[in-house]
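In terms of full-length UniProt numbering, the sequence shown opens at residue 1 and continues consecutively.
All C-beta atoms in this analysis are idealised placements derived from N, C-alpha and C, irrespective of residue type, glycine included.
Everything numeric in this text was worked out from a predicted model, so none of it was measured.
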Amino acid sequence: MRMVGWLKRFSYNCRRQNQGQNLRGAVTVEELVVAENMVWRLVQEESFTSDSDDRLQELRPFNDDFGLIRVKTRISERNDQVSFTMPIVLPHGHPVVERMMRDYHVKNGHAGALTLAAQMRERFWILKSQRITRSVVKNCVTCRRHSGKICQTFNVLTWNHLLSLNRKCRMALFLKFAESIMPGLWNYAMDLKFG
């Protein structure tokens, strides 16, 4: 979103170059909000044909002042932020939405699917959100690495088991163990025995 804000500022400065009204400094919050609204409007235009799209019929959608499709939720009468009471509708398969979910996943400390869905629902109404949140968490390399299964442990030879083996087996096991500590011992022992 910050990159889109910089691009919008660049285009503004190019248009106002001769008038001396160039914007300078860091991108302001207002510019970021405008850039974010522009991105979500483009995503909605690519994904939905209109407000009367079949996927939106049950949701009672409406267009806000910025041209974004929003949903009236059950808590719309509550005194809270507009983004919470009337979230922006987003499609589930769009690459920008998936990228945003990956960013939210990482920013929230590699949160699980339910936590990620709850964080997203504070601002957005994503169609088929459970599917996309599970896929984001499942495809996260860091989460996969930390949720790996424990390797199967091999049975350790007990002292009683070693004593029950015959003399040649015990000697071979001892020499193989000693080989790991002192390389070349096995070859030396075989040379003494057969050499």
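Contact set for Val29: own chain, Cβ-Cβ below 8 angstroms, skip 5 residues either direction: none
Confirm, please, whether the CB-CB distance from Val97 to Leu90 is below 8 angstroms. yes
Does any CB atom of chain D fall closer than 8 angstroms to the CB of Ser180? Looking at the structure shown, chain D is missing, and only one protein chain is on hand.
Pick out whichever of Ile69, Glu58, Asn166, Glu31 has its Cα sitting closest to the Cα of Thr49. Ile69
Between which two residues does the beta strand (DSSP E) holding Phe124 run? 124–126
Distance check for Cys14 and Ile75, CA to CA, integer angstroms please. 44 angstroms
Where Arg60 sits in the DSSP three-state scheme: coil
Whether or not the segment 60–67 and the segment 107–116 are in contact is what I'm after, with contact meaning three or more pairs of Cβ atoms, one per stretch, closer than 8 angstroms; do they touch? no
Would you kindly check if the distance between the Cβ of His94 and the Cβ of Val43 is under 8 angstroms? It is a contact, given that the beta carbons lie within the stated cut-off.
Given that a residue counts as buried once 16 or more other Cβ atoms are within 10 Å of its Cβ, and exposed if not, what is His105? buried
Mark Gly5 as exposed unless 16 or more other C-beta atoms lie within 10 angstroms of its C-beta, in which case mark it buried. buried
Below 8 angstroms on the Cβ atoms is my contact criterion, and I expect Arg123 with Ile88 to pass it. Report the Cβ-Cβ distance as a whole number of Å. Distance from Arg123 to Ile88 at the Cβ level is roughly 7 angstroms; contact confirmed, criterion being Cβ atoms closer than 8 angstroms.
Identified DSSP bridge partners for Leu90: Ile126
Less than 8 angstroms between C-beta atoms, sequence neighbours within five positions excluded: which residues of the same chain meet that for Arg167? none
Tell me whether the beta-carbon of Glu31 lies closer than 8 angstroms to the beta-carbon of Arg9. yes
Look up Arg70 in the DSSP assignment and give the residues it is bridged to. Looking at the DSSP assignment, Arg70 forms a beta bridge with Phe62, Ile88.
Are there 16 or more other CB atoms within 10 angstroms of the CB of Ile181, so buried, or fewer, so exposed? Its Cβ having fewer than 16 others within 10 Å, Ile181 is exposed.
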